[in-house]
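Okay, so here's the structure we're looking at.
In UniProt numbering, the protein residues as written are 1 to 279.
Take a look at the structure:
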């Protein structure tokens with residue numbers, strides 16, 4: 001199964017975060033073993049989106065509910081895929097940078113209007129108010145890991161597996177810990193850098209985390225990026241530690257140490273990003 005060169009930030013929520021109907025559905029979904037793992041899931045998502053976009057382009061299709069499932073202690077948690085939203089975003093992205101004549105031929109205005117309504121609905125929080133579920137449980141980044149994601153996890157929370165043909169590297173943490181780190185990071189960045197892009201990015205991520213149930217689990221998954229990195233590089237990766245060191249240096253006013261940590265992590269991930277040009 002081909003890898004997608006992307007990383008993922010996911011939130012898994014306990015069943016109590018959903019209404020009764022959803023709880024019954026997700027419990028049966030898990031019991032029947034229908035859920036795919038994070039290794040196979042991204043390919044299934046991509047396939048579902050492409051198939052939906054090729055189905056006549058007359059309306060957004062009704063897609064089945066799918067999710068990643070995790071057991072944390074005695075608690076069952078789920079991370080819904082929100083495939084309808086993914087299809088809507090893909091339809092809008094297909095029109096970006098394309099002349100209107102071609103865009104309308106490829107994605108008819110009626111479909112684009114439906115897609116925009118779906119995306120705007122979720123972004124406005126209407127679904128949160130209507131159904132009691134957050135708008136998006138998974139964020140995706142291609143050819144790298146956004147530096148702001150490392151603010152939410154700790155180096156000691158790393159889980160790595162480089163054997164058996166399925167190389168994985170991920171961080172999992174309780175959302176309460178992720179929120180504390182996020183708020184602390186925003187405070188340090190705002191005092192030190194003001195309204196810098198990195199400050200706004202971490203603030204946005206912090207607001208996103210606040211949407212979820214307090215007993216949720218946050219997962220930062222390197223996903224298909226593990227296929228671009230050697231075993232030694234994955235073993236030695238300390239990106240969350242570098243981000244934490246940089247924030248700590250900023251908090252005590254040590255600009256030189258903060259710059260050194262920042263340059264190290266930027267150089268590390270720039271090497272991965274440059275591989276996109278070789279693809």
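Ideal placement from N, C-alpha and C gives every residue a C-beta, glycine not left out.
Note that the structure is a prediction, hence the values are computed from the model and not measured.
Counted within 10 angstroms of its Cβ, other Cβ atoms place residue 24 as buried (16 or more) or exposed: Under this definition residue 24 is an exposed residue.
Reduced DSSP category for residue 267 - H, G, I as helix; E, B as strand; rest coil: Looking at residue 267 - three-state DSSP - the assignment turns out to be helix.
DSSP bridge partner residues for residue 76 (one or two, in chain order): 71
Meets three-Cβ-pair contact criterion under 8 Å: the stretch 78 to 91 and the stretch 41 to 48: yes
Rounded straight-line distance, which links the Cα of residue 205 to that of residue 79: 17 Å
Separation of residue 152 from residue 179, as counted between CA atoms: Each residue's Cα considered, the two are about 7 Å apart.
Simplified DSSP state of residue 214, which is helix, strand or coil: The three-state reading of DSSP puts residue 214 in coil, since its state is none of H, G, I, E or B.
Option in 121, 259, 148 and 12 with minimal Cα separation from residue 67: 12
Under 7 Å between C-beta atoms of residue 242 and residue 261: yes
Straight-line Cα distance separating residue 73 from residue 217: Residue 217 and residue 73: Cα-Cα distance of roughly 11 Å.
CB of residue 15 within 7 Å of CB of residue 63, strictly: No; because the gap between Cβ atoms is not below 7 Å, this pair is not in contact.
First through last residue of the alpha helix (DSSP H) which encompasses residue 29: 20 to 31 is the span of the alpha helix (DSSP H), which, as asked, contains residue 29.
Residue 186 to residue 167 span [Cα, whole Å]: 33 Å
Straight-line gap, residue 259 to residue 169 (C-alpha atoms, nearest Å): Straight-line measurement puts the Cα of residue 169 at about 26 Å from the Cα of residue 259.
Residue 133 versus residue 39: straight-line alpha-carbon distance, rounded: Interpretation of residue 133 is limited by its pLDDT of 46, a score under 50 that renders its predicted location unreliable; no figure is taken from the coordinates.
Alpha-carbon spacing of residue 35 relative to residue 69, whole angstroms: 6 Å
Of the residues 208, 240 and 160, the one placed nearest residue 176, counting alpha carbons only: 208
C-beta atoms of residue 270 and residue 201 nearer than 7 Å: no
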